[in-house]
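Top to bottom, those sequences are chains G and L. Oh and the first sequence: position 68 is 1254 in this note's numbering, straight run, nothing missing. Oh and the second sequence: position 93 is 1370 in this note's numbering, straight run, nothing missing.
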Amino acid sequence: GQNIDQPTEMTATEGAIVQINCTYQTSGFNGLFWYQQHAGEAPTFLSYNVLDGLEEKGRFSSFLSRSKGYSYLLLRELQMKDSASYFCARGGRRALTFGSGTRLQVQP
Amino acid sequence: KAGVTQTPRYLIKTRGQQVTLSCSPISGHRSVSWYQQTPGQGLQFLFEYFSETQRNKGNFPGRFSGRQFSNSRSEMNVSTLELGDSALYLCASSLDRGKNGYTFGSGTRLTVV
């Protein structure tokens, strides 16, 4: 992705909590999105942050700090089905600019 | 309501040929954007259309083009196909480019041989 950084891979245990970090270039910022993509499937929308702070949606939460160009996705009570790739994407002039994705492996 | 529909799902073409991919957005969505997904480069922005006008274009050669019709359906065309064009092509439609997110279609898997 263009100036969007996130870890390549993460491993966590079923039932645990995992935090996926994302840093992005702040110029032209128009919101930060998180998407989940299972292998062979389309990305699905998880969350959107445009103001600083935490947004919670069930087991998933997303945080944004605009001044720091930083976001994270927090997944609680991990389930095996959460094994997927997670992309942060910055909204802006070019619709969505994606990070390279974090492949999350949830182990029993 | 129906989601984003992309056709065809799979396509095999020969180098030098051209290909046209189709995307029908969610009813009421006027923004359609296209992305190329490859293992090495991730998701790369191709272009975005809004009300039949190309709003922005990514860093792809002129062989990649697109258009949007009055019913918001969009097509992208790739001419003079190269082996490196093999990828999953995804389109996404959006109502407001913001809090409702972009909804992706299932993609067209293009293989160039």
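Every residue, glycine too, gets a C-beta built ideally from N, C-alpha and C.
Residue i burial status per 10 Å Cβ neighbour count (16 or more: buried)
i: Met-1353/L; result: buried
i: Ser-1391/L; result: There is no way to answer for residue 1391/L, as the model of chain L reaches only from 1278 to 1390.
i: Pro-1294/G; result: exposed
i: Phe-1159/G; result: Outside the modelled stretch of chain G, which goes from 1187 to 1294, sits residue 1159/G, for which no answer is possible.
i: Gln-1345/L; result: buried
i: Leu-1240/G; result: exposed
i: Tyr-1210/G; result: buried
i: Gly-1277/G; result: buried
i: Ile-1203/G; result: exposed
i: Val-1390/L; result: exposed
i: Gly-1255/G; result: buried
i: Ile-1206/G; result: buried
Proximity to residue i [Cα-Cα], best of the options
i: Thr-1380/L; options: Ser-1253/G, Pro-1229/G, Met-1196/G, Asn-1216/G; result: Pro-1229/G
i: Glu-1329/L; options: Ser-1342/L, Phe-1341/L, Ser-1351/L, Leu-1320/L; result: Ser-1351/L
i: Gly-1214/G; options: Thr-1194/G, Ser-1253/G, Thr-1197/G; result: Ser-1253/G
i: Gly-1319/L; options: Gly-1339/L, Leu-1365/L, Phe-1341/L; result: Leu-1365/L
i: Cys-1300/L; options: Thr-1291/L, Val-1390/L, Tyr-1326/L, Gln-1321/L; result: Tyr-1326/L
i: Gly-1378/L; options: Pro-1338/L, Thr-1291/L, Gln-1314/L, Ser-1310/L; result: Ser-1310/L
i: Phe-1219/G; options: Thr-1199/G, Met-1196/G, Leu-1237/G; result: Leu-1237/G
i: Ser-1356/L; options: Asn-1348/L, Gly-1343/L, Ala-1279/L; result: Gly-1343/L
i: Phe-1322/L; options: Ala-1369/L, Gly-1375/L, Lys-1376/L, Leu-1387/L; result: Ala-1369/L
i: Thr-1385/L; options: Ala-1279/L, Gly-1339/L, Arg-1292/L, Val-1296/L; result: Val-1296/L
i: Tyr-1287/L; options: Gly-1201/G, Gln-1265/G, Gly-1226/G, Gly-1287/G; result: Gly-1226/G
i: Lys-1376/L; options: Asn-1235/G, Met-1196/G, Lys-1267/G; result: Asn-1235/G
i: Gln-1265/G; options: Val-1292/G, Ser-1233/G, Ala-1275/G, Asn-1189/G; result: Val-1292/G
i: Gly-1361/L; options: Ser-1347/L, Pro-1338/L, Asn-1348/L; result: Pro-1338/L
i: Asn-1394/L; options: Thr-1291/L, Ser-1308/L, Tyr-1312/L, Pro-1285/L; result: A question about residue 1394/L goes unanswered here, because the residues of chain L that appear run from 1278 up to 1390.
is_contact[residue i, chain L] using C-beta, thresh 7 Å
i: Gly-1187/G; result: A caution first: Gly-1187/G carries a pLDDT of 45, below 50, which makes its placement in the model too unreliable to give a value.
i: Ser-1248/G; result: no
i: Tyr-1256/G; result: no
i: Gly-1217/G; result: yes
i: Ala-1225/G; result: no
i: Met-1193/G; result: Position check: residue 1193/G holds Pro in this sequence, whereas Met was assumed. Taking Cβ atoms only, chain L never reaches closer than 7 Å to Pro-1193/G, which makes this a no.
i: Tyr-1234/G; result: yes
i: Ala-1228/G; result: yes
i: Thr-1197/G; result: no
Residue i at chain G interface by Cβ criterion, 7 Å
i: Ser-1310/L; result: yes
i: Ser-1383/L; result: yes
i: Ser-1349/L; result: no
i: Thr-1375/L; result: Per the sequence shown, residue 1375/L should be read as Gly rather than Thr. For Gly-1375/L, the answer is yes, since a Cβ of chain G falls inside 7 Å of its Cβ.
i: Gly-1378/L; result: yes
Inter-residue CB distance, residue i and residue j (contact presumed, cutoff 8 Å)
i: Ser-1257/G; j: Phe-1249/G; result: 6 Å
i: Leu-1260/G; j: Ala-1198/G; result: Not quite, the Cβ-Cβ distance comes to about 11 Å (not below 8 Å), so this is no contact.
i: Leu-1367/L; j: Gly-1382/L; result: 6 Å
Closer than 7 Å to chain B by CB, residue i
i: Lys-1290/L; result: The structure shown has no chain B; the protein chains it does contain are G and L.
Using a Cβ cut-off of 7 Å, which residues of the segment 1309-1338 of chain L contact any Cβ in chain G, in chain order?
-> Ser-1310, Gly-1319, Leu-1320, Phe-1322, Glu-1325, Asn-1333, Gly-1335
Check distances from the C-beta atoms of the segment 1283-1299 of chain L to those of chain G and list, in chain order, the residues that come in under 7 Å.
-> none
Under 7 Å (Cβ pairs) to chain L, residues found in the segment 1277-1289 of chain G | Gly-1277, Arg-1279, Arg-1280, Ala-1281, Leu-1282, Thr-1283, Phe-1284, Ser-1286, Gly-1287
Can you give me, in chain order, the residues of the segment 1355-1376 of chain L that have a beta carbon less than 8 Å from any beta carbon in chain G?
-> Leu-1367, Ala-1369, Ser-1371, Arg-1374, Gly-1375, Lys-1376
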